[in-house]
Every structure is written in C-alpha cells, then in structure tokens.
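Here is the structure we will look at, set down as structure tokens.
Numbering (UniProt numbering), first residue to last: 1 to 509.
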C-alpha cells in the first residue's frame, strides 16, 4: 500500500512554496523526505507516485550487503555507520554506477532507512573489546575439552542437579567516574561539562562470589594502600564485608588466601556441612597458591580453573552480572554526587556506596550468567555461540560471489598500508639499543641517534687500540690462577667459630 497519495505530494509542494522547509513539509504531510526533495529540485523525477522511488541498491544487492555485515560481526569485525558508508561507496564505484549522492557516498537518511528495512536482521550494539588473544583462545578444541572435564567433575561429585553447591568468583574494578550516559545541552554548545568532586580516576577492586542459585557472598574490598586500613574504611558496608589492602589495589595471593580461609571456607562448611562443592574461577596467579589449593582439598572443595583467556564466554560473572552491576553503580555514583553536594568518593565513603550496590544485586542475573556460560545446566553450545571466526579477510572467506562487493569489503577491512604504517611496523620489530643518558635528561630522536653512533665509534676505537686484548686477558687470568694455587698450598687452616663455641661450651660444663 502506498504510504502517501497524490494529494499528499501536492500539499507538500504547496507548503514548500509557502516557505516551509522540505524537511518540515515532508514531516507534516507524511511524504518521504528524499521523494519530496527530488520532486522539488527536479532530481530524477519519473512522474510516478506511490510508496516511494526504488532504492539505490537493488533488493538483491542489499541482501548481499546484509549477509556481509552479519558475517563480519561473527568474525568480530563489526562495521559502524561510517564503515558501511565507505563499503557502499566503494561498491558503487567498483560497479561504475552513478547516483544522486555526492561522490557516491550514502547519506544519513539512506542509512537510517536501510537499517529500518532490515531491522529484523541487523541491530545497533555497543561493541565489547575482545583482544586477539581471547579470540584465538576460545576454540572448539578448548571448549570441548573443558566441558568434558567439567561435566565429569559434576558427575563424579553428584552435583549435576545441585546448583547451590556450584560457585563462581572474580573481581572487578568500580571506578568513581560518574560519566556514563549522554546528556542534553544546547545545540550550539560544543562542550558538555559535568561538575564533579574529583577527576574520577580512583578505582576500587571488589571480589564477587555467587552460586548458581543466585546467592551472593558479602563483598571483599581491596584498597590501594601500603599500610593497614583505617577503621573508617570499613564502616557502613554490607554485613560480613571483608577488607584488605595491597600496594597495587588489586588482588594478590596472600590476601586471597586470607579471604579464602577466614570467609569462604567457614561459610561453605557451615552451609553445606562437608558436602562436595565446586568453585569455578580463572587461573590468575593471585587465585592459585599452594595454601589455597591445600585448604580447598582439606574442605572437600573442588577448584575448576577456566581455560586461559576464555572468561568472557565461560565465566558467569562476566557473562551476565558485571554489566548490570556497572549500570547500577553509575546510578549510585550520580545520586551520591548530588546528595553529598559533590563530595569525593574516598575510602571512608566507598563502604556506604557498596552497601547500596549490594541491595541492587539481582539473583536473576547470576542464574542467567550460569545458564549463559553453560556451567549450569551444563551446555557447551551456549559457549559455542560466542566463538568468533578466524577473522580472515581473504577473498575466499567472504560469503559473496560478487567480485565488486568482495573488493569493497577488502578495501575497508584491509586497506593498503601507508608508508607511516610500514615504518611503524618495521620499528616494532627492529632490534632495540639502550641509549645512555643522565637522570632528568631529555633526548630527541636525532640526539639519541647521534649518541648511539658516538658510543659505537668509541667501542670501535677501543678495539683498534688493543688488538691483542683478548690474549692479554687470557694470560693474566692464567697468572692469577697459578698465584691462587700457590697461596692455597701454603695456607694454614684456622679453627672455625663453631668449633671455638663448642670448646667453650664443653669447658663451661
């Protein structure tokens, strides 16, 4: 069915003639903006009316484009709006097709309509950072081996249907930066300032621990400090909260051992009365110490370490808990800034805020995390859906036989390297040389190069002056060894201090 009639188009033209903008007239009459603009300015008008003009790309071409975008997202190479415009522009140039767009580059209006036409297939998301190490670590072999081992542990312990005995722990950093969402300012304002108590660079490390039924342990807060904590740093937190300090502010093996021994083991023993328990966490060095392993063994706790660099997909807290926690934390920070009249979130304030955060924790998120990570119920397919492809950008891997579209994809993802990029890559692999300088001295690239050349010249000159220096050193070394042998042959052994003490002790008796 047409979205506008001939009368709507005529009325829109009259409004423009009366002084309305094209955008305003299109909005008031329901006529598409591009359609009205073409009729007003005489751009490629055929005289037909109806649901609108044909799209720049054919239906088949758009379907191919959608398939390419979905493929790239699965490879962890999702494109933003600018990339899509680059891709379409290059594709049209490869086809040699002329459009009404300037330089064949799509407009924002086309992009919005394109996304609307394919809303059931494509969606806009904020990407999460996935390092190349994590992407390569989550493979079919790793996932299959881990879940085979993990399922065997649950079966051997009889915990296949006991989610209350399966735990996960991990720490995260809670920043004091209140900037979390976009704000509304006058359209002519170039800057949007947010008045805060501090720069917001302080971050507090908090250990979370939860089981598959959604029961959370009290938090374990780690402060950055070189000495013992003050009592004010430990007032106002949730009941049972543990506190510790490290020079770095992050978890270290000694305080994790202390928490494991004084908090986790007694609580597990009290709750499960010696029944087997499974604790899943990453294999970070601070979590894996001899003392921790011994305590776990003595208290019937089986520790299951996740494969390296896979916590983003297999760890329940990462999968479904930490994201809503950060959202709730941002709201708590904003409320504190306003209620306190811009007082900084220091260590004496943090316990009160963490108490508010703990009231916001939802057991549903924890249950969803265990389900989404495949740890309970055990389901490796949940993790396989998070695996990304090898990330190849070769022509053979692009799911389209259209060479023009393949060339466009390669031009966007693998552009020709500039001379600056080549130089930077070469510098990265070049052998490094330490430049000698005085404390507080500032060097430029030119002066550092001159100093290296001068040092090399000095070494070369020193080598010329003593061509037989190696032979001289060998001879002097032999003389020293002979001297040592002679002196040792005439050396008289002295009684040791220990023997003297023994004699004195004997005499005293």
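In this text, a Cβ means the ideal position worked out from N, Cα and C, and glycines have one as well.
Residue i versus residue j: straight-line alpha-carbon distance, rounded
{"i": "residue 13", "j": "residue 32", "result": "12 Å"}
{"i": "residue 373", "j": "residue 327", "result": "21 Å"}
{"i": "residue 107", "j": "residue 439", "result": "56 Å"}
{"i": "residue 312", "j": "residue 319", "result": "6 Å"}
{"i": "residue 346", "j": "residue 193", "result": "22 Å"}
{"i": "residue 210", "j": "residue 216", "result": "4 Å"}
{"i": "residue 10", "j": "residue 39", "result": "10 Å"}
{"i": "residue 65", "j": "residue 76", "result": "17 Å"}
{"i": "residue 148", "j": "residue 257", "result": "29 Å"}
{"i": "residue 341", "j": "residue 179", "result": "17 Å"}
{"i": "residue 476", "j": "residue 456", "result": "27 Å"}
{"i": "residue 214", "j": "residue 204", "result": "23 Å"}
{"i": "residue 337", "j": "residue 344", "result": "8 Å"}
{"i": "residue 430", "j": "residue 424", "result": "10 Å"}
{"i": "residue 113", "j": "residue 62", "result": "12 Å"}
{"i": "residue 6", "j": "residue 379", "result": "58 Å"}
{"i": "residue 253", "j": "residue 478", "result": "50 Å"}
{"i": "residue 27", "j": "residue 37", "result": "12 Å"}
{"i": "residue 450", "j": "residue 459", "result": "14 Å"}
{"i": "residue 524", "j": "residue 119", "result": "Residue 524 is absent from the model: the chain starts at 1 and stops at 509."}
{"i": "residue 428", "j": "residue 444", "result": "18 Å"}
{"i": "residue 124", "j": "residue 296", "result": "45 Å"}
{"i": "residue 117", "j": "residue 84", "result": "15 Å"}
{"i": "residue 196", "j": "residue 135", "result": "37 Å"}
{"i": "residue 461", "j": "residue 249", "result": "51 Å"}
Cut-off 8 Å between Cβ atoms - residues of its own chain near residue i, not counting five sequence neighbours on either side
{"i": "residue 529", "result": "As shown, the chain starts at 1 and ends at 509. That puts residue 529 outside it, with no answer to give."}
{"i": "residue 30", "result": "3, 4 and 8"}
{"i": "residue 142", "result": "307 and 310"}
{"i": "residue 74", "result": "388 and 389"}
{"i": "residue 251", "result": "171, 205, 207, 222, 284, 286 and 287"}
{"i": "residue 293", "result": "303"}
{"i": "residue 452", "result": "433 and 435"}
Same chain only: Cβ atoms within 6 Å of residue i, ignoring 5 sequence neighbours per side
{"i": "residue 245", "result": "223, 225 and 229"}
{"i": "residue 277", "result": "165, 268 and 301"}
{"i": "residue 25", "result": "12, 15 and 16"}
{"i": "residue 18", "result": "none"}
{"i": "residue 198", "result": "344"}
{"i": "residue 291", "result": "257"}
{"i": "residue 360", "result": "328"}
{"i": "residue 398", "result": "406 and 409"}
{"i": "residue 263", "result": "242"}
{"i": "residue 240", "result": "218"}
{"i": "residue 352", "result": "236"}
Buried or exposed (CB count within 10 angstroms, at least 16 for buried), residue i
{"i": "residue 206", "result": "buried"}
{"i": "residue 104", "result": "buried"}
{"i": "residue 161", "result": "exposed"}
{"i": "residue 350", "result": "buried"}
{"i": "residue 23", "result": "exposed"}
{"i": "residue 282", "result": "buried"}
{"i": "residue 382", "result": "buried"}
{"i": "residue 364", "result": "exposed"}
{"i": "residue 109", "result": "exposed"}
{"i": "residue 58", "result": "exposed"}
{"i": "residue 314", "result": "buried"}
{"i": "residue 415", "result": "exposed"}
{"i": "residue 237", "result": "buried"}
{"i": "residue 454", "result": "exposed"}
{"i": "residue 317", "result": "buried"}
{"i": "residue 132", "result": "exposed"}
{"i": "residue 88", "result": "buried"}
{"i": "residue 35", "result": "buried"}
{"i": "residue 155", "result": "exposed"}
{"i": "residue 280", "result": "buried"}
Cβ distance (whole Å) where residue i is taken to contact residue j below 8 Å
{"i": "residue 163", "j": "residue 212", "result": "3 Å"}
{"i": "residue 79", "j": "residue 69", "result": "6 Å"}
{"i": "residue 218", "j": "residue 242", "result": "7 Å"}
{"i": "residue 137", "j": "residue 233", "result": "Contact flag wrong, Cβ pair sits at about 37 Å."}
{"i": "residue 81", "j": "residue 122", "result": "Between residue 122 and residue 81 the Cβ distance is about 12 Å, and since that is not below 8 Å, they are no contact."}
{"i": "residue 21", "j": "residue 56", "result": "Actually they do not touch by this definition, with Cβ atoms about 24 Å apart."}
{"i": "residue 404", "j": "residue 95", "result": "5 Å"}
Sequence-distant residues of its chain with Cβ nearer than 7 Å to residue i (five each side left out)
{"i": "residue 448", "result": "435"}
{"i": "residue 71", "result": "399"}
{"i": "residue 497", "result": "A caution first: residue 497 carries a pLDDT of 44, below 50, which makes its placement in the model too unreliable to give a value."}
{"i": "residue 153", "result": "278, 302 and 304"}
Cutoff 8 Å: residue i Cβ touching any chain D Cβ
{"i": "residue 181", "result": "Given the protein chain composition of this structure (a single chain), no chain D is represented."}
Does the structure place the region 280 to 291 close enough to the region 168 to 183 that three or more beta carbon pairs sit under 8 Å?
yes
At a cut of 8 Å, does the region 121 to 128 reach the region 348 to 361 through at least three beta carbon pairs?
no
Using 8 Å as the Cβ pair cut-off and three pairs as the minimum, do the region 322 to 338 and the region 360 to 374 touch?
yes
For the pair the region 174 to 189 and the region 327 to 338, tell me if three or more CB-CB distances fall below 8 Å.
yes
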